[in-house]
Structure formats: structure tokens, C-alpha cells
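**Q** In order, the protein sequence lines correspond to chains A and B.
Number 75 in UniProt numbering belongs to position 75 of the first sequence; there are no gaps in the numbering.
Number 113 in UniProt numbering belongs to position 113 of the second sequence; there are no gaps in the numbering.
Beta carbons are placed, not taken as given, at the ideal position from N, Cα and C, and that holds for glycine.
There are 2 protein chains.
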Amino acid sequence: MATVDGMALGKDYATQECSIARALEIIGERWTLLVVRDALYGVRRYNDFLVHLGIPRAVLAARLQTLTGEGILEKRRYQQSPPRDEYVLTERGRALWPTLRALGLWGREHFTETQLRYFRHADCGTELGPYGECPACKAVVPLEDVVMEPGPGLDRAPADPVSRALLKRKRLLEPLETEPA
Amino acid sequence: MATVDGMALGKDYATQECSIARALEIIGERWTLLVVRDALYGVRRYNDFLVHLGIPRAVLAARLQTLTGEGILEKRRYQQSPPRDEYVLTERGRALWPTLRALGLWGREHFTETQLRYFRHADCGTELGPYGECPACKAVVPLEDVVMEPGPGLDRAPADPVSRALLKRKRLLEPLETEPA
DNA sequence: ACACCTTGGTTCAATGACCGAACTGACAGT
DNA sequence: ACTGTCAGTTCGGTCATTGAACCAAGGTGT
Chain A
1 MATVDGMALG KDYATQECSI ARALEIIGER WTLLVVRDAL YGVRRYNDFL
51 VHLGIPRAVL AARLQTLTGE GILEKRRYQQ SPPRDEYVLT ERGRALWPTL
101 RALGLWGREH FTETQLRYFR HADCGTELGP YGECPACKAV VPLEDVVMEP
151 GPGLDRAPAD PVSRALLKRK RLLEPLETEP A
Chain B
1 MATVDGMALG KDYATQECSI ARALEIIGER WTLLVVRDAL YGVRRYNDFL
51 VHLGIPRAVL AARLQTLTGE GILEKRRYQQ SPPRDEYVLT ERGRALWPTL
101 RALGLWGREH FTETQLRYFR HADCGTELGP YGECPACKAV VPLEDVVMEP
151 GPGLDRAPAD PVSRALLKRK RLLEPLETEP A
């Protein structure tokens with residue numbers, strides 16, 4: 001049983017001939033989709049992912065490398081003087097938004113009592129439908145035109161600064177501004 | 001065996017206040033979404049999941065138990081004489097179809113060369129859109145009205161009988177008929 | 001009655017993934 | 001020179017997954 005594939009990333013589903021299985025080989029590992037979610041919410045820096053997710057450092061480093069290698073995130077330098085990099089979503093990464101939207105809606109309807117966040121079409125204020133479309137405009141809303149705002153179920157005074165920054169009404173992908181320590 | 005503790009299934013994301021994280025605690029473990037996918041395709045029996053997925057027996061048993069416990073699958077007796085049970089999707093489980101559709105489409109567009117399966121609206125033959133809706137009828141198609149059929153990329157002579165049975169054009173959820181050995 | 005098959009599991013040792021804490025290294029500010 | 005921040009790497013322990021073997025209940029064939 002040779003793995004046809006040369007590089008053998010983590011956990012594969014070798015016997016499966018299925019695009020769902022292929023997708024899960026890439027983004028099905030623990031923490032991975034939460035990293036992508038945070039990136040959609042505007043998180044870009046290693047340390048912000050770290051404190052917001054509560055993920056072990058080694059695992060975060062591994063996930064960022066895999067996601068970068070698969071073309072879902074892109075690592076780029078945003079300042080020179082102390083050299084600092086940030087991780088931003090590529091087109092391929094942004095294309096995961098409908099999946100995450102559907103998954104979040106499923107989670108909310110079946111396992112959450114209160115609404116945690118609202119996602120609305122910036123142009124008209126309508127809450128998004130199950131795959132990220134605007135029911136009023138009847139069109140898929142580009143990520144930049146989606147505003148996220150906290151719902152009643154969300155803790156108003158979270159411990160970590162990233163969660164606090166995410167309480168502010170903002171657009172998807174808009175870089176997160178954390179409080180200066 | 002397992003989780004004596006009230007709930008606390010395996011891997012949680014304790015710090016996350018997010019319906020995506022809640023969802024991933026339930027269906028984010030390895031193999032779980034593939035079990036749900038197979039169930040949507042009409043697989044119902046332990047042995048069919050086993051040979052189709054190539055999953056270790058212990059893991060399959062654990063996943064079926066978790067999914068049953070979370071109300072995603074329901075275990076029910078379908079014959080008495082040799083007592084046999086089957087696992088069928090509940091409403092909560094069927095509600096995962098849009099998520100899996102979105103995920104599969106993402107996988108196909110970014111990591112697959114050829115089309116493996118088509119999913120069409122039975123009434124009009126139109127291929128489904130990215131969240132399981134019919135672009136022609138402009139409505140979400142109920143699962144029973146979705147026909148799946150093999151695409152050009154799918155192996156025509158797979159080794160296991162479940163994959164062979166899945167080559168037949170059939171509707172979602174329609175129970176799979178494997179060849180008698 | 002006896003052997004043997006199918007279905008649906010459970011048990012076990014070995015491997016691999018994940019965990020938290022400590023350590024490293026590059027740079028900046030004082 | 002010392003302190004602090006950021007972005008990792010290293011390390012020992014723990015937990016999940018794996019494949020193979022074992023088990024049990026209920027047929028079927030002779």
C-alpha cells in the first residue's frame with residue numbers, strides 16, 4: 001500500500017475517493033478550523049491566535065505551517081525594524097467562509113441556547129442566511145461587506161485582550177486591533 | 001471504557017465561546033464527518049461503514065456511540081430473528097448536509113482535478129449549488145430529492161462492495177443495497 | 001450435535017498526536 | 001547591561017488512534 005502522494009501530511013484518509021475526505025485531510029485536524037475562523041475574524045498574529053485559542057504553542061506553529069503550505073494562509077512581513085510577520089488568508093482560505101458559516105449555524109441551532117454573534121450584510125443590515133448570503137439582496141455577500149457584532153450570549157468582559165477586541169463591531173477580515181499592553 | 005463522566009467527550013475547546021467550536025467538539029474528531037457523509041449516502045450498517053471507511057473497529061464503535069449520544073444518529077432494530085441494528089440519521093444529523101456540501105465543494109475546487117460525484121435536484125436535473133440549493137428552482141432541495149451519481153473521476157471497479165453499491169445512481173438517504181456475498 | 005459463518009462489537013500493546021512548561025534567539029527600549 | 005516582547009523549538013508525560021486478536025450471539029450446513 002504505497003501512498004501515492006509523496007509528502008504524506010499528517011492524517012490522511014487513504015482509501016477515500018471523495019472531495020470531502022480530501023478537504024478533511026487539510027483542515028480536519030484539531031484546532032485547524034478554529035485558526036481559520038480567527039483569521040476570518042481578523043486575527044493575524046501568532047500571539048493573538050495563541051491567547052485567543054488557548055492552543056499549545058507547538059501545535060499552533062504546526063498548524064500555521066500546514067495552512068501556509070496548503071495555500072490557505074500566507075505569511076508576510078508587515079514591519080522590518082523588529083522583523084514581524086503576519087498570517088493572512090488567501091483566496092483559498094477565504095473560500096472556507098461558507099463552510100464555517102454553515103457549521104456555526106448548525107452548532108448554534110442544536111447546541112447553543114443564546115445567540116453569540118450576528119453576521120450582517122453591511123449594506124442593508126440583514127442577518128446572513130445559512131451559507132453567507134443576504135436574504136434581502138438575494139446575493140452572496142463578499143467577506144468585506146459582512147459585519148460581525150456581539151450577541152446577547154457573549155461574555156462582555158472576557159479575560160484575554162483578543163476576545164475583548166472581538167467584541168467591537170467590525171467587518172470580517174478587517175485586521176484586529178488589540179489594546180496596547 | 002469510555003467517558004464515565006457525565007459528558008466530557010474527548011476533545012473540547014474549553015475557552016471558546018463560539019458555536020463553531022461547539023460544533024467541532026461534536027463532529028470535529030477524526031472520522032466523524034466521514035461517518036455522517038456515509039450515512040447521508042445511505043450507509044446504515046456497522047459492517048458497511050467499516051469496509052467503506054477502512055476505519056479501525058474500535059474507533060467506529062466509539063464514533064457511532066458518540067453520534068448516537070448526541071442525537072445525530074439513531075440506532076434501531078431492523079430485524080429480530082438474528083437481532084440486527086442499523087444507524088440512521090436524525091433530523092439533527094440531516095441538518096449537517098449543507099455543511100458537508102460546502103466542504104465537499106471547497107475540496108473539489110481546490111484539491112481535486114476531476115469531478116467525483118454529481119448531486120442533482122431530482123425534479124429538474126440541475127446540479128446543486130454550494131449549500132445544497134437548486135439554482136434553477138431557487139429553493140433548498142430536501143435530501144430525499146437529491147440524486148447522487150458518479151462523475152468521471154470515480155474509479156469504476158473499486159475493491160469493496162460498498163463503494164460498488166455507491167456507483168449506482170441513487171437518492172441521498174436511500175438505504176444502500178450491497179451485493180449478497 | 002457439531003463445525004463454521006456472519007454481525008457487531010471489546011481488549012490489548014504499540015505508535016503517534018497533543019499537552020503544558022521551560023528554553024532559545026532576535027531585536028528594542030531604557 | 002538589563003528587561004521585555006515576539007515567535008517560535010524542545011522536551012517529558014499523557015491521551016487518542018491503530019491494527020490485530022479475541023469474544024459472543026445467533027444462524028446455516030451436514
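For A/L96, which option in B/R94, B/E109, B/E86 and B/D155 has the closest C-alpha, if you only look at C-alpha atoms?
**A** Numbered from its first residue, the first sequence carries residue 96 of chain A at position 96. With distances taken between Cα atoms, A/L96 lies closest to B/E109.
**Q** Counting along the chain, where does the beta strand (DSSP E) carrying A/V146 start and finish?
**A** As a first step, residue 146 of chain A must be located in the first sequence, where it is residue number 146. First-last of the beta strand (DSSP E) with A/V146: V146 to P150.
**Q** For B/E29 and A/W106, what's the separation of their Cα atoms in angstroms?
**A** In the second sequence, the residue the question calls residue 29 of chain B occupies position 29. In the first sequence, the residue the question calls residue 106 of chain A occupies position 106. For B/E29 and A/W106, the distance between alpha carbons rounds to 16 Å.
**Q** Roughly how many angstroms lie between the CA atoms of A/C137 and A/L128, to the nearest whole one?
**A** By one-based count along the first sequence, residue 137 of chain A stands at place 137. By one-based count along the first sequence, residue 128 of chain A stands at place 128. Each residue's alpha carbon lies about 10 Å from the other.
**Q** Sort A/S163, A/P142 and A/L60 by Cα distance to A/E149 and report the nearest one.
**A** Position 149 of the first sequence, counted from the first residue, corresponds to residue 149 of chain A. Taking only the C-alpha atoms, the option nearest A/E149 is A/S163.
**Q** The alpha helix (DSSP H) that contains B/L105, what's its start and end?
**A** Here the question's residue 105 of chain B lines up with position 105 in the second sequence. Looking at the DSSP string, the run of the alpha helix (DSSP H) that includes B/L105 is W97 to F111.
**Q** I need the boundaries of the beta strand (DSSP E) containing B/V88, first residue and last residue.
**A** The count along the second sequence starts at 1 and reaches residue 88 of chain B at position 88. Its beta strand (DSSP E) spans residues R84 to L89.
**Q** According to DSSP, is A/R164 helix, strand or coil?
**A** On the first sequence, residue 164 of chain A is found 164 positions in, with the first residue counted as 1. The answer is helix: DSSP assigns A/R164 an H, G or I state.
**Q** Would B/R84 and B/R117 qualify as a contact pair, given that the criterion is a beta-carbon distance under 9 Å?
**A** Against the second sequence, residue 84 of chain B aligns to sequence position 84. Against the second sequence, residue 117 of chain B aligns to sequence position 117. No, the pair does not count as a contact, with Cβ atoms beyond the cut-off.
**Q** Helix or strand or just coil, what does DSSP make of A/S19?
**A** Counted from its first residue, the first sequence places residue 19 of chain A at position 19. It is helical.
**Q** When the cut-off is 9 Å and only beta carbons count, does A/R37 lie next to chain B?
**A** Here residue 37 of chain A is taken as the residue at index 37 of the first sequence, counted from 1. Answer yes: the Cβ-Cβ gap between A/R37 and chain B drops below 9 Å somewhere.
**Q** With the cut-off set at 9 Å, would you say A/R171 and A/E144 are in Cβ contact?
**A** Here residue 171 of chain A corresponds to residue number 171 of the first sequence, with the count starting at 1. Here residue 144 of chain A corresponds to residue number 144 of the first sequence, with the count starting at 1. The answer is yes: Cβ separation under 9 Å.
**Q** One question on the structure: do A/G71 and A/T99 come within less than 9 Å of each other, judged by their Cβ atoms?
**A** Looking up residue 71 of chain A in the first sequence gives position 71. Looking up residue 99 of chain A in the first sequence gives position 99. Not a contact, by the Cβ cut-off of 9 Å.
**Q** At the 9 Å Cβ level, is B/L64 part of the contact set with chain A, yes or no?
**A** Walking along the second sequence from the start, residue 64 of chain B turns up at place 64. So no, B/L64 is outside the interface.
**Q** Along the stretch 153 to 178 of chain A, what residues have a CB closer than 9 Å to any CB found in chain B?
**A** Residues G153, L154, D155, P158, A159, D160 and S163.
**Q** Quick check on B/P135 - is its C-beta less than 9 Å from some C-beta in chain A?
**A** Here residue 135 of chain B is taken as the residue at index 135 of the second sequence, counted from 1. Cβ-Cβ to chain A under 9 Å: no for B/P135.
**Q** Note down, one range per segment and in chain order, each alpha helix (DSSP H) of at least 4 residues found wholly within the stretch 27 to 86 of chain A.
**A** The qualifying runs are 32 to 40, 46 to 53 and 57 to 69.
**Q** Pick helix, strand or coil for A/A2, following the three-state DSSP scheme.
**A** One-based indexing of the first sequence puts residue 2 of chain A at position 2. Note that A/A2 scores 31 on pLDDT, short of 50, meaning its location in the model is unreliable and no value can be drawn from it.
**Q** Taking all protein chains shown into account, decide if A/R57 is buried (16 or more other Cβ within 10 angstroms of its Cβ) or exposed.
**A** Stepping through the first sequence from its first residue, residue 57 of chain A is reached at position 57. Label assigned to A/R57: exposed.
**Q** What did DSSP end up calling residue 185 of chain A once you bin it into helix, strand or coil?
**A** Here chain A covers residues 1 to 181 and nothing more, so residue 185 of chain A does not appear.
**Q** Return the bridge partner residues of A/K170 from the DSSP annotation.
**A** The residue labelled residue 170 of chain A in the question sits at position 170 within the first sequence. Answer by DSSP bridge pairing, in chain order: A/M148.
**Q** Give the straight-line distance between the Cα atoms of A/H52 and B/E174, rounded to the nearest whole angstrom.
**A** Position 52 of the first sequence holds residue 52 of chain A. Position 174 of the second sequence holds residue 174 of chain B. Their backbone Cα atoms lie some 43 Å apart in a straight line.
**Q** Count the other C-beta atoms from every protein chain shown that fall within 10 angstroms of the C-beta of B/R169, then say buried if there are 16 or more, exposed otherwise.
**A** Here residue 169 of chain B is taken as the residue at index 169 of the second sequence, counted from 1. It counts as exposed.
**Q** On the DSSP letters alone, give me the boundaries of the beta strand (DSSP E) that A/R156 sits inside.
**A** Numbered from its first residue, the first sequence carries residue 156 of chain A at position 156. Per DSSP, A/R156 belongs to no beta strand (DSSP E) and is neither H nor E.
**Q** For chain B, is any of its Cβ atoms less than 9 Å away from the one on residue 205 of chain A?
**A** One cannot answer for residue 205 of chain A here, as it falls past the ends of chain A, which runs 1 to 181.
**Q** I think A/A21 touches A/Y13, with their Cβ atoms under 8 Å apart; what is that distance to the nearest whole Å?
**A** Here residue 21 of chain A corresponds to residue number 21 of the first sequence, with the count starting at 1. Here residue 13 of chain A corresponds to residue number 13 of the first sequence, with the count starting at 1. About 4 Å; that satisfies the 8 Å criterion.
**Q** Can you tell me the Cα-Cα spacing of A/R156 and A/T178, whole angstroms?
**A** Sequence index remark: in the first sequence, residue 156 of chain A carries index 156 (1-based). Sequence index remark: in the first sequence, residue 178 of chain A carries index 178 (1-based). About 16 Å.
**Q** Near A/P161, what residues of its chain come up, given a Cβ to Cβ distance below 6 Å and the 5 sequence neighbours on each side ignored?
**A** One-based indexing of the first sequence puts residue 161 of chain A at position 161. Closer than 6 Å at the Cβ level, and outside the excluded window around A/P161, lie T178 and E179.
**Q** Which residue from B/D38, B/V35 and B/S19 puts its Cα closest to that of A/R37?
**A** Taking the first residue of the first sequence as 1, we reach residue 37 of chain A at position 37. Among B/D38, B/V35 and B/S19, the Cα nearest to that of A/R37 is on B/S19.
**Q** Would you decide whether A/E25 is buried or exposed? Buried here means 16 or more other CB atoms lie within 10 Å of its CB.
**A** Numbered from its first residue, the first sequence carries residue 25 of chain A at position 25. Buried, because 16 or more other Cβ atoms sit within 10 Å of the Cβ of A/E25.
**Q** To the nearest angstrom, report how far apart B/P135 and A/L167 are at their CA atoms.
**A** In the second sequence, residue 135 of chain B corresponds to position 135, counting from 1. In the first sequence, residue 167 of chain A corresponds to position 167, counting from 1. Each residue's alpha carbon lies about 36 Å from the other.
**Q** Run the CB neighbour count on A/A165, radius 10 Å, all protein chains shown included, and call it buried at 16 or more, exposed below.
**A** By 1-based counting over the first sequence, the position of residue 165 of chain A is 165. Label assigned to A/A165: buried.
**Q** Would A/E149 pass as an interface residue toward chain B - the criterion being a Cβ-Cβ separation below 9 Å?
**A** Residue mapping note: residue 149 of chain A aligns to position 149 of the first sequence, counting from 1. By this cut-off, A/E149 is not an interface position.
**Q** Pull up the distance between the alpha-carbon of A/P158 and that of B/V35, whole angstroms please.
**A** Residue mapping note: residue 158 of chain A aligns to position 158 of the first sequence, counting from 1. Residue mapping note: residue 35 of chain B aligns to position 35 of the second sequence, counting from 1. One C-alpha to the other measures close to 36 Å.
**Q** Quick one: Cα of A/G42 to Cα of B/L176, how far?
**A** Within the first sequence, residue 42 of chain A is the residue found at index 42, counting from 1. Within the second sequence, residue 176 of chain B is the residue found at index 176, counting from 1. When rounded, the distance between both Cα atoms is 44 Å.
**Q** Does the beta-carbon of B/T114 have 16 or more other beta-carbons within 10 angstroms, so that it is buried, or is it exposed?
**A** Taking the first residue of the second sequence as 1, we reach residue 114 of chain B at position 114. It is exposed - the Cβ of B/T114 has fewer than 16 other Cβ atoms within 10 Å.
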